[in-house]
Amino acid sequence: MIKKLKILGFVVALSFIYILNYATLKTSISKCLPLIKNSEQFYAEINGQKYPKIIPSFFNASINFDCLNSNLNKPKLILLWNEYGPWVDWKYGLGKYEPFQKRKCPVYNCEITKDKTRLDESDLVLVHMRGDYSKLPLKRSYKTRMVFLITESPIHSKEFHPHLNGLFNQTATFNLDSDYSPFYYSNIGFKWELNEQFDETRNYLEGKTKLAAILATNCHAHSKRIEYIQEMQKYSNQIDILGGCGKSCNISGENRFLSKLCREKISKEYKFLLAFENSMCKDYITEKLFDTLVFDIVPVVLGYGPYDQFIPRSAYINALDFKSPQHLVEYLIYLEKNSTAYNEYFKWKKYIKKTDNEYKQFCDMCIKLNLENFYGIQKSQVNDLETFWGYKKNCLTPQIENGIFNFIPINYTHKCTIC
Ligand SMILES: *[C@@H]1O[C@H](CO)[C@@H](O)[C@H](O)[C@H]1NC(C)=O
Ligand SMILES: *[C@@H]1O[C@H](CO)[C@@H](O)[C@H](O)[C@H]1NC(C)=O
Ligand SMILES: *[C@@H]1O[C@H](CO)[C@@H](O)[C@H](O)[C@H]1NC(C)=O
Ligand SMILES: *[C@@H]1O[C@H](CO)[C@@H](O)[C@H](O)[C@H]1NC(C)=O
Ligand SMILES: *[C@@H]1O[C@H](CO)[C@@H](O)[C@H](O)[C@H]1NC(C)=O
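Heads up, the sequence shown is in UniProt numbering, so the first residue is 1 and it goes up one at a time.
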């Protein structure tokens with residue numbers, strides 16, 4: 001009898017704890033609404049198009065960030081499964097709240113860990129697909145979603161065996177189809193907003209003496225961008241290659257900021273910055289463009305991404321619009337002689353304002369995970385990695401003939417050199 005009573009007491013106590021927990025969870029959630037009614041998102045109308053077209057969650061005016069932070073006793077857990085280059089913490093920082101607060105994420109109710117024994121508690125398991133992914137956890141709870149994460153292009157990735165199909169729940173890449181804010185776009189240093197300080201009368205050619213430069217470290221890029229620029233150099237001696245495979249930028253500073261400082265310096269001396277990608281792959285647009293946009297220089301892009309999804313057509317020059325590198329140079333020389341036409345490339349900047357450019361892809365994850373307290377977890381599975389990431393399906397290769405570069409589908413086996 002005593003034993004039975006004890007058990008009953010235990011059960012009652014347990015139910016009580018359960019109800020209490022449930023009640024606190026319920027009340028802390030129902031105290032606020034996750035979405036703000038009648039919120040105003042800023043949009044600019046540029047040549048009949050509305051920008052921004054893509055709004056990362058951390059800039060989404062209708063999300064009630066304070067409400068998402070109100071459940072601080074239950075931070076969402078993100079487990080970093082393997083290594084990301086030499087950085088144990090993936091350059092992000094481990095721990096509760098702080099990695100997100102430090103990066104000015106409006107929602108910080110999250111924790112980052114490397115502790116694999118916490119697998120079952122984890123909401124996301126981030127697997128870096130250029131690291132060791134040979135011992136992935138096959139058994140895990142429903143809420144523990146495994147994320148295929150990579151920042152390089154398919155050309156610089158391994159080929160992923162079909163046995164990986166169905167194993168991942170989500171992807172975090174630069175690809176617009178991924179579940180989280182595109183990697184390089186998550187790092188933009190501006191926000192769409194009316195900029196009253198914008199000077200419409202300024203002549204951006206002033207003080208600039210040279211035509212164009214690229215800042216690049218990889219000289220043997222699959223896209224043959226250096227060969228493309230060498231072809232351009234035949235038609236102008238004012239085009240420079242700076243960085244690892246060219247001239248030094250002659251700046252000193254902390255390593256992390258070197259490329260930004262160099263871009264800033266280039267923007268003062270050159271009229272055009274060549275944002276040429278190392279690979280011609282679907283959606284692959286990198287810091288080459290995004291880190292350039294905050295400076296007073298016109299980007300010339302070479303890549304296979306949907307540029308006009310991010311910035312208006314009037315904000316950049318696309319090398320693929322020209323028959324050859326020679327024709328591109330002729331147009332750049334036309335622009336440097338016509339300040340009206342050159343300055344038109346800056347008009348869109350009336351609608352952007354500089355912000356911090358902390359890496360915020362994890363911030364997007366934190367916001368989306370906390371929204372799940374209200375909307376639940378969506379079931380998802382990545383079933384066709386070949387279509388999503390195969391280089392033959394997603395990338396182009398250059399075919400060069402008489403100074404003309406054509407980018408065509410890949411019909412050979414590409415050996416990844418920097419996987
Ligand atoms: C903002 O986030 C909410 C909630 O996720 C979403 O429904 C809405 O479409 C987003 N708004 C924009 C403009 O992306
Ligand atoms: C860096 O300095 C060297 C030597 O003074 C000079 O030749 C080179 O052009 C400079 N590079 C840049 C980008 O200014
Ligand atoms: C200079 O550019 C403006 C704006 O694109 C154009 O209207 C004008 O005709 C150009 N002038 C010359 C001399 O090409
Ligand atoms: C995640 O993927 C696994 C298969 O690898 C699946 O069993 C599980 O239901 C998925 N979870 C969610 C939340 O979609
Ligand atoms: C790939 O296509 C190119 C151009 O169409 C052709 O010249 C080449 O022979 C093809 N290579 C293979 C391995 O099929």
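Each residue gets a CB set at the ideal place from its N, CA and C atoms; glycine is no exception. None of the values given here were measured: they were computed from a predicted structure.
Here the alpha carbons of LEU371 and THR171 stand approximately 18 angstroms from one another. In the DSSP assignment, ASP66 falls within the unbroken alpha helix (DSSP H) covering 65-68. Proximity annotation: ligand 4 has residues TYR142, ARG145, GLY166, LEU167, ASN169, ILE377, LYS379, SER380, GLN381 in chain order, each selected because its CB is closer than 6 angstroms to a heavy atom of the ligand.
In this structure VAL147 is not in contact with ASN82, their Cβ atoms being roughly 12 angstroms apart against a cut-off of 8 angstroms. PRO86 and GLY93 do not touch by the CB rule: their CB atoms are close to 15 angstroms apart, not below 8 angstroms. In the pairwise beta carbon analysis, the region 196-204 is classified as not touching the region 235-255: fewer than three pairs are separated by under 8 angstroms. Excluding its 5 nearest sequence neighbours in each direction, LYS247 has C-beta neighbours in its own chain below 8 angstroms: ASP240, ILE241, listed in chain order. Taking each of LEU205, PHE160, LEU119 in turn and checking the Cα distance to MET129, the smallest one comes out for PHE160. Here the C-alpha atom of LEU119 lies approximately 20 angstroms from the C-alpha atom of ILE367.
Of the residues assessed, SER62 falls on the exposed side of the cut-off, its CB having fewer than 16 other CB atoms within 10 angstroms. Residue pairing by DSSP places ARG145 opposite LEU124 in a beta bridge. When the Cα atoms are used, TYR185 and ILE54 turn out to be separated by approximately 10 angstroms. Cβ-Cβ distances below 6 angstroms link ILE188 to PHE290 in the same chain, with the five nearest sequence neighbours on each side left out; the list follows chain order. Taking all protein chains shown into account, GLN361 has 16 or more neighbouring C-beta atoms within 10 Å of its C-beta and is therefore buried. Shown here, TYR342 sits in a helix according to DSSP, grouped into three states.
Taken atom to atom, the span from the alpha-carbon of ASN278 to that of LEU124 is near 30 angstroms.
Less than 9 angstroms divides the Cβ of LEU211 from the Cβ of PHE272. For the 9 angstroms CB-CB criterion, ALA275 and VAL300 form a contact. Here ILE155 has HIS222, ASN278, SER279, CYS281, TYR391, CYS395, HIS414, CYS416 as same chain residues with Cβ atoms under 8 angstroms from its own Cβ, once five neighbours each way along the sequence are excluded. In the structure shown, VAL329 adopts helical secondary structure according to DSSP, grouped into three states. The beta carbon of TYR345 is closer than 6 angstroms to those of VAL298 in its chain, skipping five residues each way along the sequence.
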